[in-house]
Structure formats: C-alpha cells, structure tokens
C-alpha cells in the first residue's frame with residue numbers, strides 16, 4: 001500500500017517532460033490513490049486500443065484489474081503514468097519475469113512491459129517518453145531486458161520499440177510479435193533520445209514565439225501599467241494573429257482598440273499564448289483560467305517571485321508546478337517578454353520602449369530585462385535586426401537551453417547571442433552549445449560570478465578564465481561585456497568567417513592603423529604592416545586598396561580605418577558604397593571598419609533602407625471580434641543587402657579587432673570539428689564493479705553528505721578503471737618504516753602526510769632514494785627532530801619510481817560548469833602561478849592532447865633545454881581513464897591525483913584522494929526531463 005506520502009514512494013522517479021508537439025506532461029509512479037483516475041482514463045480509451053493492449057475485447061476494468069494496476073512494490077512491479085491536469089493520458093508498467101515467463105523476483109533481470117495511451121494523445125510521443133523513463137527505472141532495479149508481446153496490427157506500438165535505438169530481437173510467435181529489448185544505453189538510443197528532445201523542446205519554444213492568437217491578461221482600463229504597455233506593443237507590432245485584452249472589470253468591447261473580455265474563458269476562440277500582467281497573488285487564478293481554456297504557453301511579466309526572497313521563491317516553484325500540470329510552458333516570471341520578427345508572425349509581446357526591432361538574422365536571449373533593453377537599443381543604433389528575442393526573467397521554466405534547441409533548427413537565425421547569469425544545467429548547455437555552434441555561432445556573456453536572486457542554480461566556483469576556456473572547448477564565443485556581445489554578433493551576422501589569423505589593415509590615418517596593429521598583436525592575430533592611404537584618399541582609393549587586400553593570398557580578413565576628411569568632397573555614403581563595391585567584387589573574406597567621428601558612416605554601411613517603422617493603425621469598432629491585425633507597410637529590415645556586403649563599423653580599433661579575433665578563433669574551432677576526437681575504449685575497465693562499490697559505500701550515507709574515501713577504497717575504485725596508485729605503507733615508528741621498506745623493496749621514499757606538510761617537499765618533509773635500513777632510520781630521526789613527533793607527521797613509506805616531471809591531475813564536479821578535468825605541473829606552476837588547464841568531461845583523445853599542451857609550462861614535458869621528453873601518451877591515457885570514470889559515475893564528485901610522476905616511459909600515481917556523494921536524481925545522462933522546481 002503505497003501513496004505519494006509513503007516513505008517507500010520513489011519520488012525521484014517523478015519528472016516533467018516535453019512531448020513531441022511542444023506540450024508538457026508529468027510522469028510519476030502510479031499509487032493506490034489512483035484507482036478513480038485509472039478507471040476514468042480507461043473509459044476514454046477506444047475499443048481498438050483496448051484490444052491491442054489485452055489481445056481481446058476488454059470494455060472495462062474489473063476491480064481486480066484496478067487493484068493490480070494500482071498496487072506496486074516499485075521493485076518487481078512498477079507502473080508509471082503520464083498526466084496532464086492531474087488526469088492520466090498514458091500508462092506503462094513492467095512485471096519482472098523469470099526464464100519461464102512467469103512473475104519472478106530478483107535476481108531475474110527481465111521484465112514484461114506494456115503501454116496504453118489515450119487515443120486523443122496518441123502521436124504526441126507519450127509512449128516514447130514513458131519507455132525512456134520506465135527503462136531508467138528498470139535499470140535502477142536491476143532489470144536489463146524488456147519483453148513485449150504486440151499484435152502485428154499494432155504498428156504504432158511496434159514502432160515505439162523499434163525506433164528506441166536499444167539492442168533488440170524480434171520474432172513472430174503464436175500470432176503476435178515478440179520483442180526483446182536490451183536496456184543498456186547505446187550510442188543509437190542516446191542519439192534517438194536527444195533528437196527527440198531537440199524536436200520537442202524546439203517545438204515548445206516555437207509555440208511561444210509563433211502563436212496564432214494572444215491574450216493579454218491584466219490590461220488596465222486607464223491604459224497605464226505593464227499589461228497595457230504589452231498590449232500596445234502587440235498591437236503596434238502588426239501581430240499577424242488574433243489579439244485579445246482581458247480585464248475582469250472591463251465594461252466596454254474594446255480596450256486600446258483591441259477586443260476585450262472579462263475572462264479568458266469568455267473568448268470564444270482558441271488562445272495560443274497568454275501574457276499575464278496581474279499582481280503575483282492573482283497569477284494562480286489567471287494560470288488556472290488559461291489551463292482550463294487550453295492555452296499552450298504563458299509569458300508572466302508579473303514580479304514578486306524568486307527575486308524577492310524565500311517566500312517569492314516558494315511562490316515561483318508553485319507557479320511552475322501549476323503551469324506544467326496543465327501541459328503549458330512558461331517564460332518568466334518577472335519576464336521582459338518575447339519578440340519574433342518573422343513576417344508571418346510580427347510578434348512583440350514585450351515591454352521594450354523602443355520601436356519593434358528590424359528583421360534580421362540574430363537571435364537574442366537574456367535573463368535581465370534591463371540588459372535586454374540595452375542590447376535591443378544597441379542593435380537598433382548599429383542598424384542590425386533580430387530574428388527573435390526572449391527575455392526570460394527568473395527563467396523558472398524556459399531557459400537558454402530551450403532557446404538553443406529552437407535556434408538550432410531556425411532558418412531565420414544565423415547567430416545566437418545570449419546574456420546568461422548562470423548556465424542552468426551546465427552539462428546540457430555545453431552539449432547543446434557544441435551542437436549549435438557547429439552550425440552557427442553562439443556568443444555568450446555571463447553577467448554574474450555568484451548566484452543571482454531568483455535563480456536557484458548555484459554559480460560556478462571556477463576562475464573566470466577557466467569558464468571561458470571550457471566554453472571555448474564547446475565552441476562558444478565567450479565575451480566579457482554586452483558591448484562586446486553586440487560587436488561580435490554584428491560581425492558574425494554580416495560577414496563570412498576568416499580562414500586564418502592574418503589581418504590586413506588599411507586606411508587614411510597612420511596613427512589609427514598603428515593602434516589597430518597593436519590591438520591585433522594583443523589578440524594573438526598576425527597583422528600585416530598597415531597601409532596608409534593618407535588623409536587625401538578618396539572613396540575610389542579606399543575601394544582599390546580594399547579590393548587588392550581582399551584579392552591577396554597573404555591575408556584572411558581586412559580592417560579598414562577611416563577618419564573625417566578636411567574637405568567636403570567625400571561624404572560617408574560615397575565611402576560606404578566604395579567599400580561595399582570592393583566587397584562585392586572580391587567576396588569571401590570578412591571586413592570591419594574602424595571610424596572616428598563618422599557616425600553617418602555606420603548608418604550608410606548598415607542595411608537599413610526606408611523610413612522608420614510606423615505604428616499600426618488601431619482597428620475600428622466595426623472590425624470582427626477575432627480579426628487579426630495587418631502589419632504596417634514599409635518595415636525596415638536588416639537583411640536587405642546580400643550577405644557579406646553589410647559591413648560592421650566600430651568606434652575604436654580595439655573593439656573591431658576583438659570582434660575579428662573572436663571570429664578567427666571560432667573559425668579555427670569550426671575547422672577542427674572534422675577531427676574532434678573520440679573517447680577510446682580501454683581494456684581493464686570494470687564499470688559494473690565500480691557501480692557496485694559506489695552503491696555499497698553510499699548505502700548508509702544521507703543525501704547531500706560528501707564521503708572522502710579511505711586510501712584503500714580510493715585505490716580499489718581507481719584500479720577498476722586501470723588507474724594504479726602506488727602502494728603506500730604507514731610508518732608510525734622507525735621500526736614500522738623498516739618493515740614497510742622490507743615489503744616494498746629498496747630504494748624507498750619516506751614522506752610526511754600531515755595536512756600542513758602534504759606535497760610540500762620544500763619544507764623538508766620528503767626523503768628520497770633511501771637505499772638501506774641505516775639510511776632510512778637516520779632520515780626518520782631527522783624528520784622527527786626537524787618537523788615534529790611521528791604522530792603529528794603521519795609518515796609513510798613508498799617504493800621509489802623512475803624520475804620524471806611531477807604533475808597534478810584532477811577532476812571535480814563544479815555546480816556552474818559541470819564535470820571538469822584539470823591538469824598542471826605540481827608545485828609552483830599550478831599553485832602559485834595558476835598554470836592549470838581544463839576540459840569538460842567527457843573528454844576526447846583530442847581534448848586531452850590539447851589539454852597537456854595548453855599550459856604555459858608544457859615545454860617541460862617535451863624536452864625543454866635538452867631534457868628527456870616524458871611519456872605524454874601514458875599521461876593522455878590516464879586523463880582519459882579518469883574522464884571516463886567521472887563520466888560513468890556521477891557519484892564521483894572529486895578526484896585528485898597528486899603527484900603523478902611522468903617518466904620517459906610510463907608514469908606513477910603516488911597519491912590519490914577521492915570524494916563521492918549521492919548524485920542528483922536527474923541528470924543529462926538520464927531520460928528526457930525538464931528541470932525540477
């Protein structure tokens with residue numbers, strides 16, 4: 001007898017998922033309290049679906065059936081339900097079976113599985129999501145295979161199994177199809193899962209950004225306030241769909257020229273998107289009304305949530321729970337709104353005070369409304385447009401990860417710009433960013449070093465430079481300011497990627513050219529000597545010089561510098577036209593312009609043509625209630641000029657060079673994708689044994705408790721992944737040290753392991769190459785006299801290993817960046833100078849090869865000043881094995897191998913520290929799920 005309040009109830013199996021059509025559902029274990037829901041659900045299933053499930057006409061469930069389908073032990077018998085609004089829309093259950101096909105208990109590792117999905121919800125991916133989750137539950141309970149009997153005519157269910165990507169066997173027996181699925185994840189099953197995730201999450205964002213109808217809830221009759229501002233922006237943007245105003249006190253048919261209703265339910269037509277602008281205490285009522293009306297998504301502008309303190313955070317969590325219970329998605333709360341400039345949508349459901357942005361090729365995501373205003377204004381001033389804009393506020397539901405999923409397949413977006421305060425699910429973010437960056441640039445500015453109010457995801461503990469390196473590994477262009485975000489985005493949206501770092505500089509100011517040259521050197525570019533055209537240069541001179549530079553095989557990009565002319569013979573329009581003509585004549589290389597006090601040149605170089613965007617006329621009172629608004633004529637667009645001929649202009653050489661340098665580095669990353677590396681499969685890895693060991697170690701450990709493994713436990717766990725740690729024997733006395741040396745064999749090393757002396761050879765706590773008992777006893781006595789009593793020093797004895805370079809290898813789970821692999825040289829380089837490099841886990845062979853070569857002290861590994869090169873191949877294998885351990889087992893939250901002595905042949909791990917803890921209930925490696933609230 002298990003209920004949701006029962007301690008035996010597996011609450012960690014609960015999850016919200018996005019379905020194929022972009023709606024959401026909640027998956028949870030079925031309990032004894034679900035009898036009425038199950039009966040109601042079954043009554044809504046067609047006779048055909050019932051026949052497919054039970055292989056015979058089965059019009060209703062008996063009391064015995066209801067009892068069997070609602071009573072589970074959550075080990076050998078498990079049932080899960082997909083719910084919307086608290087009601088079942090699909091179920092799945094498994095029953096453990098033995099070799100004879102009868103019910104069994106452990107250690108049998110096979111179970112029979114069966115699904116049933118309401119006909120109205122078939123085709124939404126409900127069964128596929130349930131299969132992912134019941135599979136994860138089964139693996140947790142020691143089940144490795146599912147068996148299923150399916151009628152041949154039930155092609156939809158057969159397809160659910162065959163498309164899952166698991167290893168499977170299929171046979172035809174006694175008039176039915178017998179399927180056996182192995183539940184161990186495969187590369188194919190993971191690819192299928194992530195492809196489904198991408199399509200579903202992209203579709204959920206598309207429903208928010210391209211609605212056919214919008215209702216604004218909370219529009220004041222006076223025309224003041226947030227709701228009225230949002231309504232006016234929607235009206236004036238020329239929204240192509242149907243627009244409604246909702247105010248419970250409305251007394252007239254129109255508000256600001258928009259058909260008005262007292263409630264959402266009174267609107268006699270579907271509503272795809274609701275913009276909520278009522279006080280926080282009235283939001284639940286509005287959400288319930290939207291859910292009952294079938295609204296697909298919400299933008300909640302209301303404040304008073306996580307940003308306001310603990311009570312607000314609790315209110316925010318309840319809001320997400322309520323929204324998802326109706327199958328909706330949420331942008332906000334405390335959001336600034338959304339914009340979609342697509343000609344078939346023309347949506348401005350935001351509070352932006354500026355005119356509707358021009359249509360362009362840049363997608364923009366922010367968590368901050370203020371930053372959103374600044375970025376929109378900056379793009380408008382620079383003549384650049386947007387494809388879409390999302391300012392998610394507290395991003396309690398929809399986050400930057402969801403927007404990346406949408407932009408990945410959005411043909412209208414060429415460049416993705418994101419202002420982030422946290423990375424949310426960092427592992428998922430880097431995965432999505434890497435995939436998106438392979439198709440289009442992803443530029444990120446991180447606005448906080450610590451956790452902001454209203455955001456429950458902890459910030460990173462890593463240094464800022466480390467975060468940049470990790471993002472760059474994923475192909476993300478990380479910049480420091482919103483100004484740089486716009487600068488880089490403009491170049492990437494308007495110009496092709498450079499083929500290399502060689503930069504030609506030309507212009508009519510020698511001084512400005514030299515400054516630009518210096519800036520290129522500071523960014524590790526390879527500038528050519530600046531070409532001074534002199535202040536007498538005409539637009540024709542600029543065109544000739546630029547065309548020649550673009551045609552040259554000696555440069556990969558060109559930066560043009562320009563200062564005002566003394567005479568009036570060369571207006572900015574003429575210069576802009578000359579530069580564009582040269583680019584059109586010799587296309588294929590990026591061009592950026594640096595100007596001094598030539599603001600009109602920026603406008604002339606941009607793609608903007610025509611008058612500013614006019615406002616849409618208000619509809620008359622005679623218009624039909626559901627009439628969509630017509631877009632205004634003369635809309636300015638940022639894509640009017642062919643790609644490559646829109647030339648970005650910058651008021652300082654450093655800014656232009658920074659943008660070009662980021663484009664160079666991104667281009668190098670893109671070209672390296674062809675050889676992104678792989679994760680080798682090494683022998684001597686016992687993944688199952690490590691999992692069993694970790695389960696035993698954590699069996700009596702409370703959630704949230706970090707356990708530091710003892711020396712032998714750490715050695716055993718690492719040994720399961722082929723990482724051998726040198727044997728260390730304690731030496732509490734001189735006699736014990738002698739006995740240890742006899743076991744290990746001379747020569748030996750005598751070391752102190754007290755925390756204040758550990759890894760501090762400079763303090764005299766280490767004696768090496770002790771070749772006999774007398775020398776060992778003498779060294780023991782010297783240590784005791786110089787540093788303290790043996791009980792304080794905690795001496796140990798180890799066998800000597802071949803000499804080499806002392807290094808440090810670590811892995812840690814950072815709350816803001818995910819699993820990170822780190823490498824450096826032991827001692828001063830890493831501890832004092834911070835000369836440490838990092839890569840995201842899982843690391844590939846190419847990742848670790850670049851990792852050990854990216855520290856400043858790397859030459860010491862490769863024969864610096866005539867020394868012998870060390871065995872970097874063995875070092876790379878060690879790093880890959882450690883990466884695999886951490887990737888396979890999220891329980892391992894920290895590993896430190898110090899020192900690792902890398903010799904000319906082989907290496908030796910002298911010391912290891914391992915920390916473990918219960919992993920989060922859900923991660924990026926499990927079944928698809930939305931972040932919990």
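Numbering (the working numbering), first residue to last: 1 to 933.
Glycine residues also receive a C-beta, built at the ideal position from the N, C-alpha and C atoms.
- For residue 828, the number of other beta carbons within 10 angstroms of its own is below 16, and it is reported as exposed.
- Within the region 337–419, the complete beta strand (DSSP E) segments at least 3 residues long are 337–340, 347–350, 359–366 and 386–391, listed from N- to C-terminus.
- The beta carbons of residue 60 and residue 78 sit no closer together than 8 Å.
- Residue 839 holds the alpha-carbon nearest to the alpha-carbon of residue 470 among 63, 771, 217 and 839.
- With 16 or more neighbouring CB atoms inside 10 Å of its own CB, residue 133 falls in the buried class.
- Secondary structure at residue 856: coil, using DSSP grouped into helix, strand and coil.
- Bounds of the beta strand (DSSP E) holding residue 823 are 818–825.
- Residue 889 sits in coil when the DSSP states are folded into three classes, being neither helix nor strand.
- Spanning the alpha carbons of residue 55 and residue 164 requires a straight line of approximately 23 Å.
- Judged by their CB atoms, residue 339 and residue 353 are not nearer to each other than the 8 Å cut-off.
- If you ignore the 5 residues before and after residue 513, its C-beta comes within less than 7 Å of the C-beta of 505, 507, 530, 532 and 561, all in its own chain and listed in chain order.
- Taking the Cα positions, residue 43 is about 28 Å away from residue 179.
- Beta-bridge partners of residue 331 (DSSP): 299.
- Around the beta carbon of residue 553, fewer than 16 other beta carbons lie within 10 angstroms, which makes this residue exposed.
- The DSSP-derived three-state label of residue 151 is coil.
- In the DSSP assignment, residue 792 falls within the alpha helix (DSSP H) that extends over 790–793.
- Contact between residue 708 and residue 913 holds, with the beta-carbon distance rounding to 7 Å and staying under 8 Å.
- Burial state of residue 67 is exposed, judged by a 10 Å Cβ sphere holding fewer than 16 other Cβ atoms.
- The DSSP-derived three-state label of residue 595 is strand.
- Boundaries for residue 242: no alpha helix (DSSP H) harbours it, while the beta strand (DSSP E) harbouring it runs 242–246, taken from the DSSP string.
- For residue 320, the enclosing alpha helix (DSSP H) has its first and last residue at 310–325.
- Taking 8 Å as the cut-off, the Cβ atoms of residue 119 and residue 45 count as close.
- Between the alpha carbons of residue 100 and residue 69 lies a gap of roughly 22 Å.
- Our two residues, residue 870 and residue 824, have alpha carbons roughly 14 Å apart in a direct line.
- The secondary-structure analysis by DSSP pairs residue 176 across a beta bridge with 173.
- Only residues of its own chain outside the window of five on either side were considered, and among them 564 have a CB closer than 7 Å to the CB of residue 597, listed in chain order.
- The region 882–889 and the region 714–723 touch, with no fewer than 3 CB-CB distances between them shorter than 8 Å.
- If you look at residue 660, you'll find it isn't in any beta strand (DSSP E); it sits in the alpha helix (DSSP H) that goes 653–671.
- Separation of residue 801 and residue 908 (C-alpha to C-alpha, rounded to the nearest whole angstrom) is 7 Å.
- Residue range 502–507 is occupied by the beta strand (DSSP E) that includes residue 507, with no alpha helix (DSSP H) assigned at that position.
- Taking 8 Å as the upper bound for CB-CB distance, residue 348 and residue 237 are in contact here, some 3 Å apart.
- The beta-carbon separation of residue 20 and residue 85, rounded to 19 Å, does not stay under the 8 Å limit for a contact.
- Under the 8 Å Cβ criterion, the region 727–747 counts as touching the region 780–788, having at least three qualifying pairs.
- Around the CB of residue 384, 16 or more other CB atoms lie within 10 Å, so the residue is classed as buried.
- A contact is defined here as three or more CB-CB pairs under 8 Å, and the region 209–222 meets this definition with respect to the region 267–282.
- Here residue 153 has 52 as same chain residues with Cβ atoms under 8 Å from its own Cβ, once five neighbours each way along the sequence are excluded.
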